[in-house]
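Let me begin by presenting the structure, written as structure tokens, before commenting on it.
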Amino acid sequence: MARSLALLFFVGGAFAAVALVLPHPDGSYVVGIGIVAVSAFAGSCILLVAPAPRLPIAVFHLFLASGSALISLAIYWWRPGEIASSVAMIYVWVLLYAFYYFDLAAAIVHVVVVGGAFGAVLAIQPGHDAAATHWIVTVGTAAVAGVLIGRLSRRVGASAALDGLTGIANRRSFEQALEDELNRCARTGRSVSVAMIDLDCFKQLNDEGGHEAGDRALVSLAETWKHHTRKSDLLARYGGDEFALIMRDCDAAGAEEGVHRLVLAAPKYPCTVGIATWDRAEGPHDIVNRADTALYRGKSNGRGQIVLAD
């Protein structure tokens, strides 16, 4: 997210710098364009060196809005003409980024920012031919492109994030969600727990009823557990007969209580569960390993247990 925005700032600054050494219209405010280029390069450097996982989302909104402001200043300082018209199309970058990375409401705010900034330039600077048409085509093109890219990315992301058998999150989306959640907890100081859940009777189901029986059990468990987790939790199929659960804002006691509800909801399929609560230092791989270790300790001690990690 930060690197993508840094790239946009860098390329925008490079465009401005290159345009300065090429023939440009008389009356262009060269010093102003230089300021735009330097500001864009500075923004790119800040985004590259900043600890991106710990940056609040508001920082990215601020940087993107400042990008819209730099584009508007460049249009104003180039004066009306072909270069200014070309620069206006860079607004497309802003809205592509907004619709790709932000939710719809936030992206629409950036449409308003772009529309307002470009409209202000056209209004206060005489000489722009067919200003209203120019505004509609530019802002409309940027907004439509952003909406289409946003919808496409969400469709692709949704299909890639789901387990094909159970319809719940898959391992890849679980790992990404866990990384994001640990970053959130690092910023906010909140707690998070992870549970690794293993179906005790899965091999027996497969041996007696074939793989279809095992598949039916997995689908049944996923469907049942979806209705016994909180909206803020993420239930995923981790692989084979193992499920994983992220419990936001949940300490060890709360996690144990939540997992106990899942076990009681599906008595037909006994499970062993390992639970780990984030220690505020470990990474995603480490907390999963601790939960897995607790899980296998429960397996070794007779199965059908809920075990808290050390």
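The numbering of the sequence shown is the working numbering, which starts it at 4 and goes up by one.
All residues carry an ideal CB built from backbone N, CA and C; glycine is no exception.
Only a predicted model underlies this, so the values are computations on that prediction, with no experimental measurement involved.
Counted within 10 angstroms of its Cβ, other Cβ atoms place Thr-173 as buried (16 or more) or exposed: Mapped onto the sequence shown, residue 173 falls at position 170. Note on residue identity: the sequence assigns Asn, not Thr, to residue 173. By the Cβ-count criterion, Asn-173 is buried, with 16 or more other Cβ atoms from all chains shown falling within 10 Å of its own Cβ.
Cys-188 (DSSP reduced to helix, strand or coil): In the sequence shown, residue 188 corresponds to position 185, counting from 1. The answer is helix: DSSP assigns Cys-188 an H, G or I state.
Straight-line gap, Asp-254 to Ala-148 (C-alpha atoms, nearest Å): For this step, residue 254 is matched to residue 251 along the sequence shown. For this step, residue 148 is matched to residue 145 along the sequence shown. So the two alpha carbons sit approximately 43 Å from each other.
Neighbourhood of Val-276 by C-beta, 6 Å cutoff - its chain only, sequence neighbours within 5 removed: Taking the sequence shown and counting its residues from 1, one reaches residue 276 at position 273. Same-chain partners within the cutoff: Ala-198, Ile-200, Val-262 and Ile-309.
Limits of the unbroken alpha helix (DSSP H) element including Cys-48: Residue mapping note: residue 48 aligns to position 45 of the sequence shown, counting from 1. It spans 33 to 52 - the alpha helix (DSSP H) in which Cys-48 sits, taken as one unbroken run.
Extent of the continuous beta strand (DSSP E) to which Asp-201 belongs: Position 198 of the sequence shown, counted from the first residue, corresponds to residue 201. From DSSP, the beta strand (DSSP E) with Asp-201 extends over 195 to 202.
Nearest-angstrom Cα separation, counted from Asn-186 out to Val-150: Sequence index remark: in the sequence shown, residue 150 carries index 147 (1-based). Sequence index remark: in the sequence shown, residue 186 carries index 183 (1-based). Straight-line Cα distance between these residues: approximately 28 Å.
Collapsed DSSP secondary structure at Tyr-241 in the structure displayed: For the purposes of this step, residue 241 is taken as the residue at position 238 of the sequence shown. It is a strand residue.
Selected residue, minimal CA-CA separation from Gly-84, among Pro-28, Ala-258 and Arg-154: In the sequence shown, residue 84 corresponds to position 81, counting from 1. Closest by alpha carbon: Pro-28.
Pick from Ala-239, Val-142, Thr-280 and Ile-38 that is closest to Ala-256, judged by C-alpha positions: Here residue 256 refers to the residue found at position 253 of the sequence shown. If you compare the alpha carbons of Ala-239, Val-142, Thr-280 and Ile-38 with that of Ala-256, the shortest gap goes to Thr-280.
Rounded Cβ spacing between Ser-31 and Trp-80 (contact assumed at less than 8 Å): Counting from one through the sequence shown, the residue named residue 31 turns up at place 28. Counting from one through the sequence shown, the residue named residue 80 turns up at place 77. About 7 Å; that satisfies the 8 Å criterion.
CB of Val-39 within 9 Å of CB of Leu-11, strictly: For the purposes of this step, residue 39 is taken as residue 36 along the sequence shown, with counting starting at 1. For the purposes of this step, residue 11 is taken as residue 8 along the sequence shown, with counting starting at 1. No, the Cβ-Cβ distance between Val-39 and Leu-11 is not below 9 Å.
Closest by C-alpha distance to His-319, when choosing among Glu-226, Ser-88, Gly-243 and Thr-191: In the structure as shown, the chain starts at 4 and stops at 313, and residue 319 therefore has no counterpart that could be examined.
Inter-residue spacing [alpha-carbon to alpha-carbon] between Ser-194 and Ser-235: Translated into the one-based positions of the sequence shown, residue 194 becomes position 191. Translated into the one-based positions of the sequence shown, residue 235 becomes position 232. Taking the straight line from one Cα to the other gives about 13 Å.
Meets three-Cβ-pair contact criterion under 8 Å: the stretch 152 to 166 and the stretch 113 to 130: no
Beta bridge counterpart(s) of Arg-174 as assigned by DSSP: Walking along the sequence shown from the start, residue 174 turns up at place 171. Answer is none; Arg-174 lacks a bridge partner.
DSSP state of Ala-164 mapped onto helix, strand, coil: Position 161 of the sequence shown, counting from 1, holds the residue named residue 164. The answer is coil: DSSP assigns Ala-164 none of H, G, I, E or B.
Nearest to Ala-53 (by Cα), restricted to the options Ala-5, Gly-70 and Gly-15: Here residue 53 refers to the residue found at position 50 when the sequence shown is read from its first residue. Cα-wise, what sits closest to Ala-53 is Ala-5.
Proximity below 9 Å, CB of Asp-313 to CB of Arg-293: For the purposes of this step, residue 313 is identified with residue 310 of the sequence shown, where counting begins at 1. For the purposes of this step, residue 293 is identified with residue 290 of the sequence shown, where counting begins at 1. For Asp-313 and Arg-293, yes; Cβs fall inside 9 Å.
Integer-rounded CB distance, given that Ser-69 should sit under 8 Å from Val-116: The count along the sequence shown starts at 1 and reaches residue 116 at position 113. The count along the sequence shown starts at 1 and reaches residue 69 at position 66. Distance from Val-116 to Ser-69 at the Cβ level is roughly 10 Å; contact not present, criterion being Cβ atoms closer than 8 Å.
Exposure of Ala-220, with buried meaning 16 or more beta-carbon neighbours within 10 Å: For the purposes of this step, residue 220 is taken as the residue at position 217 of the sequence shown. Flag for Ala-220 reads buried.
Beta-carbon proximity check, Ile-139 vs Phe-102, cutoff 9 Å: Within the sequence shown, residue 139 is the residue found at index 136, counting from 1. Within the sequence shown, residue 102 is the residue found at index 99, counting from 1. No, the Cβ-Cβ distance between Ile-139 and Phe-102 is not below 9 Å.
Closest Cα partner of Ser-88 within the set Ala-239, Leu-107, Thr-136 and Leu-50: Numbered from its first residue, the sequence shown carries residue 88 at position 85. That would be Thr-136, whose Cα lies nearest to the Cα of Ser-88.
Three-pair Cβ contact test at 8 Å for the stretch 223 to 238 versus the stretch 265 to 275: By the C-beta criterion, the stretch 223 to 238 is judged to be in contact with the stretch 265 to 275, since at least 3 inter-stretch pairs fall below 8 Å.
Where the alpha helix (DSSP H) containing Thr-296 begins and where it ends: Against the sequence shown, residue 296 aligns to sequence position 293. Note, Thr-296: alpha helix (DSSP H), 287 to 303.
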